[in-house]
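Below: the structure, in structure tokens.
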Amino acid sequence: MTHTNATPSASSTSSQRPLVAVTGADGFIGSHLTEDLVRAGYRVKAMAIYNSQGSYGWLDTVPAEIMEHVEVQLGDVRDAGSVRELMRDAQTVYHLAALIAIPYSYVAPRSYVETNITGTLNVLEAARDLGTGRIVHTSTSEVYGTARTAPIHETHPLQGQSPYSATKIGADKLAESYYLSFELPVVTMRPFNTYGPRQSARAVIPTIISQVAAGRREIKLGDLRPTRDFNYVSDTARAFRAVGEAGPEVLGRTLNAGSGREITVGDTVKLIGQVMGAELDVTQENQRLRPEGSEVMRLLADHSELTKLTGWKPEVPLEEGLKRTAEWFTNPINLARYRVDQYTV
């Protein structure tokens with residue numbers, strides 16, 4: 559199998575653009591990656607999960623000039639036929655489709671196995687059959703659990719501290735096994751805590767910002783002690799494209815994408831308050847707390863391998879990223895998409 563890593567021309571017509579596919583394109587990171595790929599000169603086949611409303615998820619908010627180069631396919635990563643049809647003729651497949659909410663993984667763990675593990679198996683099997691040039695598989699920093707050493711290198715032990723992280727470990731190991739067993743051209747991207755416009759309120763930064771944007775000054779959160787490595791979504795999207803376009807030296811590798819900056823949830827609240835010009839008071843709610851053994855207390859990325867192999871570096875500082883995110887959420891049209899008055903599992 560061969561892979562061309564030549565960067566296409568962004569000005570080329572849609573028929574001239576190289577074709578790539580994105581599973582989970584209707585989601586937060588997936589929609590931003592789709593935009594990034596089109597701006598970089600690609601044509602994108604984008605999978606959005608089938609629904610009776612015909613919604614394309616966040617792709618419905620993407621500018622029309624971007625969507626001219628996007629073919630949306632409603633389907634389901636759990637269905638092998640849907641996956642195979644999406645991937646047909648694509649030179650690179652970015653596999654982002656997953657169930658990601660940690661609290662809901664305590665409630666419905668079987669659905670995480672079916673989507674995150676079986677869905678990944680479907681992508682890998684289709685790639686074998688179709689001779690796909692490259693698969694960029696999506697992992698998560700949650701597979702590391704609480705950091706034993708920091709910053710966290712890709713060789714750090716994997717710890718399944720939630721059903722979600724356990725299924726992502728399973729999916730990562732499947733991807734690894736297909737590289738070792740079948741020489742499938744797979745590279746695993748492991749993003750740390752991505753944030754930005756369109757993110758679900760299940761995540762801490764939109765939880766805070768959406769409440770402030772709605773006029774609240776008493777913010778309801780869980781544990782304030784854990785540290786996170788927040789990476790702005792445009793930087794994460796560039797990291798995905800970087801490994802998709804890199805040479806064969808990335809194949810079989812797992813690569814961290816993070817900012818390399820560590821901050822507690824409590825200090826994140828203070829920083830958001832400064833950015834949004836608001837005095838905030840935090841109230842801890844028990845329903846927002848993870849089980850004690852499941853909470854990941856520390857995350858800090860070592861992204862040196864990704865930088866060495868692709869030249870990628872984060873570009874958006876946390877303060878600037880929070881400003882951009884706050885501006886997006888304070889738009890009434892965007893804020894109306896969120897249920898600020900209730901806890902999203």
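When you line the sequence shown up against my numbering, it's residues 559 to 903, in that order.
Ideal placement from N, C-alpha and C gives every residue a C-beta, glycine not left out.
Please name the residue or residues paired with Pro749 in a DSSP beta bridge. Ala815
To which residues of the same chain is Arg799 closer than 7 angstroms at the C-beta, ignoring the five residues directly before and after it? Asp594, Leu595 and Ala598
Met605 - containing beta strand (DSSP E), residue span: Arg601 to Ile607
Suppose the cutoff is 7 angstroms on Cβ atoms and the five residues either side in sequence are ignored; what does the same chain contact list for Thr690 look like? Met645, Ala648 and Val651
CB-CB under 8 angstroms to Gln631, same chain, minus the five flanking residues each way: which ones, in chain order? Lys603, Ala604, Met605, Ala606, Ser640, Glu643 and Leu644
Please state the DSSP three-state secondary structure of Asp594. helix
Determine the DSSP secondary structure at Ile693, reduced to helix, strand or coil. strand
If you draw a straight line from the C-alpha of Met747 to the C-alpha of Pro715, how long is it? 16 angstroms
Contiguous alpha helix (DSSP H) assignments of at least 4 residues, all confined to the segment 643–719: 660–665, 667–670 and 677–688
For the segment 728–796, list the beta strand (DSSP E) runs that are entirely contained and at least 3 residues long, ordered along the chain. 744–749, 751–753, 776–779 and 788–790
What does a CB cutoff of less than 8 angstroms around Ile624 pick up in its chain, not counting 5 residues either side in sequence? Thr592, Glu593, Val596 and Arg597
The beta strand (DSSP E) with Gly633 in it runs from where to where? Val628 to Gly633
Name the one or two DSSP bridge partners that Asp839 has. Glu776
Spell out the partners DSSP gives Val508 in its beta bridges. Given a span of 559 to 903 for the chain in the structure shown, any question on residue 508 remains unanswerable.
Bridge partners of Ala724, per DSSP? According to DSSP, Ala724 bridges with nothing at all.
Any idea what DSSP makes of Thr888, helix, strand or coil? coil
Can you tell which of Asp860, Pro764 and Ala656 has its C-alpha closest to the C-alpha of Pro709? Asp860
Mind the definition here: the segment 789–807 touches the segment 748–759 only if three or more C-beta pairs lie below 8 angstroms; say whether that holds. yes
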